[in-house]
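Enquirer:
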Ligand code: PAF
């Protein structure tokens, strides 16, 4: 696997593949890799000839009080994992490559990006939409794969690509879970041993809401009783628009976000 750090090098590797008639898949990540990320690389490798995996902890999607500084960073370990999963190239730019002095443009996906996560982390989707637009335009892949674990992010990126006419197919990769149901996440590393035991209660409750066996309000109460410190939301939404109005026959999704000590966990499941 090659490692490149500049946009020019990224483009020249991809141009060489294109000259051979090869297709290209993109898997954007912030590192802190786990089996969930590797399954996205696998999905891209099944669909395309060459996979570009990106490693960039994007500062613009963190608020000043969030975990940008403590976010897991181990480039050598992440590179080995990308290579093992079948990536042909890792793009690991420095912040000044992605945001050179004078960078001023932001991509805002208005309604979809303002609800749910957007209410609690107003900066988040602006940062995500901006960096993903840049990565897509820098690499111009055929396919880009994002995890369903961040379901609203996937919806925001689909809307953004449609609205900006970016010629790429966006593919959602299934959430990979631990044996007890906890969705894999780089942030699970922050959980203490005690919190780790409580963490799967989020998944269990979303599962019961998705099965119609518990309401969102009941699920929130169960989370607090189990030891979660607060619940930002548990909500059943239209699976595409993420609006709370549900129309019969349309797919629905239950999404949740809750705090366990200092760690914020999110998860979601298809309803029914
Ligand atoms: O899902 C993530 O890890 C990030 O939000 C992404 C898509 C790589 C953008 O920084």
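Numbering (the working numbering), first residue to last: 2 to 273.
For every residue, glycine included, the Cβ atom is placed at its ideal position computed from N, Cα and C.
#1: Quick one: give me the first and last residue of the alpha helix (DSSP H) that residue 83 is part of.
#2: Suppose the cutoff is 6 Å on Cβ atoms and the five residues either side in sequence are ignored; what does the same chain contact list for residue 109 look like?
#3: What does the alpha-carbon distance come out to for the pair residue 106 and residue 219?
#4: Check whether the Cβ of residue 147 lies closer than 7 Å to any heavy atom of the ligand PAF, and answer yes or no.
#5: Quick check: what's the CA-CA separation for residue 148 versus residue 41?
#6: Could you give the C-beta distance for residue 270 and residue 255, rounded to a whole number, given that I count them as a contact under 8 Å?
#7: Drop a sphere of 10 angstroms on the beta-carbon of residue 44, count the other beta-carbons inside from all chains shown, and report buried for 16 or more, exposed for fewer.
#8: Taking the straight line between their C-alpha atoms, what separation do you get for residue 181 and residue 201?
#9: Would you kindly work out how many angstroms separate the C-alpha atoms of residue 120 and residue 81, rounded to a whole number?
#10: Between which residues of its own chain and residue 33 is the CB-CB distance below 6 Å, once the five residues before and five after are set aside?
#11: Can you tell me whether residue 3 is buried or exposed? The criterion is at least 16 other CB atoms within 10 Å of its CB, across all chains shown.
#12: What are the residues that DSSP puts in a beta bridge with residue 29?
#13: Using the three-state DSSP reduction, which class does residue 119 fall into: helix, strand or coil?
#14: Cα separation between residue 89 and residue 52?
#15: Give me the Cβ distance between residue 264 and residue 191, rounded to the nearest whole Å; I'm assuming they're in contact under 8 Å.
#16: Could you tell me the alpha carbon to alpha carbon distance between residue 13 and residue 138, rounded to whole angstroms?
#17: Report all residues from its chain with a CB closer than 6 Å to the CB of residue 46; omit the five preceding and five following residues, and keep chain order.
#18: Would you call the CB atoms of residue 94 and residue 57 closer than 8 Å?
#19: What are the boundary residues of the alpha helix (DSSP H) that residue 90 is part of?
#20: Please state the DSSP three-state secondary structure of residue 259.
#21: Please indicate yes or no: does the CB of residue 153 lie closer than 7 Å to some heavy atom of the ligand PAF?
#22: Can you tell me whether residue 266 is helix, strand or coil according to DSSP?
#23: Are there any heavy atoms of the ligand PAF lying less than 7 Å away from the beta-carbon of residue 30, as far as the coordinates show?
#24: Return the CA-CA distance between residue 224 and residue 23, expressed in angstroms with no decimal places.
#25: Compute every distance between the C-beta of residue 59 and the non-hydrogen atoms of the ligand PAF, then say whether any falls below 7 Å.
#26: Mapping the DSSP letters down to three states, classify residue 8 as helix, strand or coil.
Expert: Put simply:
#1: It spans 76-86 - the alpha helix (DSSP H) in which residue 83 sits, taken as one unbroken run.
#2: Annotation for residue 109: 127 place their beta carbon closer than 6 Å to its own, counting only its chain and skipping 5 residues before and after.
#3: About 42 Å.
#4: Under cutoff, so the answer is yes.
#5: Rounded to whole angstroms, residue 148 to residue 41 spans 7 Å at the Cα level.
#6: Approximately 6 Å separates the beta-carbon atoms of residue 270 and residue 255; this is inside 8 Å, confirming the contact.
#7: Of the other Cβ atoms in all chains shown, 16 or more fall within 10 Å of the Cβ of residue 44; this residue is therefore buried.
#8: In this structure, the CA atom of residue 181 is about 6 Å from the CA atom of residue 201.
#9: Each residue's alpha carbon lies about 37 Å from the other.
#10: Answer for residue 33: 73, 187, listed in chain order.
#11: It is exposed - the Cβ of residue 3 has fewer than 16 other Cβ atoms within 10 Å.
#12: Per DSSP, the beta-bridge partners of residue 29 are 55.
#13: In the structure shown, residue 119 sits in a helix (DSSP, three-state: H, G or I).
#14: If I take the Cα positions, the gap works out to 5 Å.
#15: Contact flag correct, Cβ pair sits at about 4 Å.
#16: Across the structure, residue 13 and residue 138 are spaced so that their CA atoms are roughly 14 Å apart.
#17: Excluding sequence positions up to five before and after residue 46, its CB lies within less than 6 Å of the CB of 52, 87, all in the same chain and listed in chain order.
#18: Cβ atoms of residue 94 and residue 57: closer than 8 Å.
#19: DSSP places residue 90 in no alpha helix (DSSP H) but in the uninterrupted beta strand (DSSP E) bounded by 90-92.
#20: In the structure shown, residue 259 falls within a strand segment according to DSSP collapsed to helix, strand and coil.
#21: Incorrect: residue 153 has no Cβ contact closer than 7 Å to the ligand PAF.
#22: Reduced to three states, the DSSP call for residue 266 is strand.
#23: It does: the Cβ of residue 30 is within 7 Å (strictly closer) of some heavy atom of the ligand PAF.
#24: Per the coordinates, the alpha-carbon of residue 224 lies some 48 Å from the alpha-carbon of residue 23.
#25: Yes, Cβ of residue 59 sits closer than 7 Å to a heavy atom of the ligand PAF.
#26: For residue 8, the three-state secondary structure derived from DSSP is helix.
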